[in-house]
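Numbering of the sequence shown is given in our numbering, commencing with residue 4 and proceeding in unit increments. Each residue gets a CB set at the ideal place from its N, CA and C atoms; glycine is no exception. One structure is given below, encoded as structure tokens.
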Amino acid sequence: MITLYDCATAPSPRRARILLAEKGIAHHTVQVDLRSGEQLGDAYRQINPQCTVPALRAQDDGALMTDNAAITAYVEARWPQPPLLGETPAEKAEIASWNWRMEFEGLQAIAEALRNSAPAMANRALPGAVDYPQIPALAERGLVRVGQFFQLLNERLADRDFIAANRFSVADITAVVAVDFARVVKHKPGEQHPHLLRWRAAMAQRPSMAL
Numbered sequence: 004m005i006t007l008y009d010c011a012t013a014p015s016p017r018r019a020r021i022l023l024a025e026k027g028i029a030h031h032t033v034q035v036d037l038r039s040g041e042q043l044g045d046a047y048r049q050i051n052p053q054c055t056v057p058a059l060r061a062q063d064d065g066a067l068m069t070d071n072a073a074i075t076a077y078v079e080a081r082w083p084q085p086p087l088l089g090e091t092p093a094e095k096a097e098i099a100s101w102n103w104r105m106e107f108e109g110l111q112a113i114a115e116a117l118r119n120s121a122p123a124m125a126n127r128a129l130p131g132a133v134d135y136p137q138i139p140a141l142a143e144r145g146l147v148r149v150g151q152f153f154q155l156l157n158e159r160l161a162d163r164d165f166i167a168a169n170r171f172s173v174a175d176i177t178a179v180v181a182v183d184f185a186r187v188v189k190h191k192p193g194e195q196h197p198h199l200l201r202w203r204a205a206m207a208q209r210p211s212m213a214l
């Protein structure tokens, strides 16, 4: 049995939930209340000293993964079907590259805008065990980056059904989570993003995306 340390309202653990659903992997879930700061308490620090979610523990082999990169690598290696990191060397490289771009140009841009502006995140401008002050200029830059991210996706999806390698992959998972998470900074795709909207509608047909 594996245990996912989750938070139903946060984007990062949603990536892990979708991954596990796409793989059809049964698991136990433990909710971590980020709003109350449970991730910073001693009990959770014993599980993940980085004080972040998601984390994934496998009881049978003792493996503990404390970020999405490790979780994805572990799950793909242990449950290779369906392949979500690609099969050929070229596919693996393309998916890895685009997944990184979805993280850096999408999720990080949104987090930059949110965490540097939300009053509830004062002195919590970065996730983790260390407190960092907000920088308002980074919030402004983050909003610009989110707009550029939507434009990037719309152009990328103009003549394709998936983000990378002509197959559904972790890059699509990360992109869906980023696009949906952008609502927290009052951004969403519009009529100027027809290809992005078409792709998101197609993704909505996958049961995992309701998680």
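Helix, strand or coil at residue i [DSSP, three-state]
i    : result
D45  : helix
H190 : coil
I74  : helix
M68  : strand
Buried or exposed by the 16-neighbour rule on C-beta atoms within 10 Å, applied to residue i
i    : result
R148 : buried
N126 : exposed
A140 : exposed
W103 : exposed
S15  : buried
S120 : buried
N169 : exposed
H196 : buried
E90  : exposed
G145 : buried
D175 : buried
Residue i and residue j closer than 8 Å at C-beta
i    : j    : result
V180 : I98  : no
P57  : D9   : yes
T75  : Q53  : no
M206 : I166 : no
I138 : V188 : no
P210 : L199 : no
H30  : L7   : yes
Q42  : T55  : yes
A142 : A116 : yes
Residues sharing a beta bridge with residue i, DSSP
i    : result
V33  : Y8
R159 : DSSP lists no partner for R159.
A167 : R170
Min CB distance residue i to chain D below 8 Å
i    : result
A112 : The structure shown contains no chain D; it holds only a single protein chain.
Residue ranges of each beta strand (DSSP E) within the stretch 49–133, 3 or longer: 58–61
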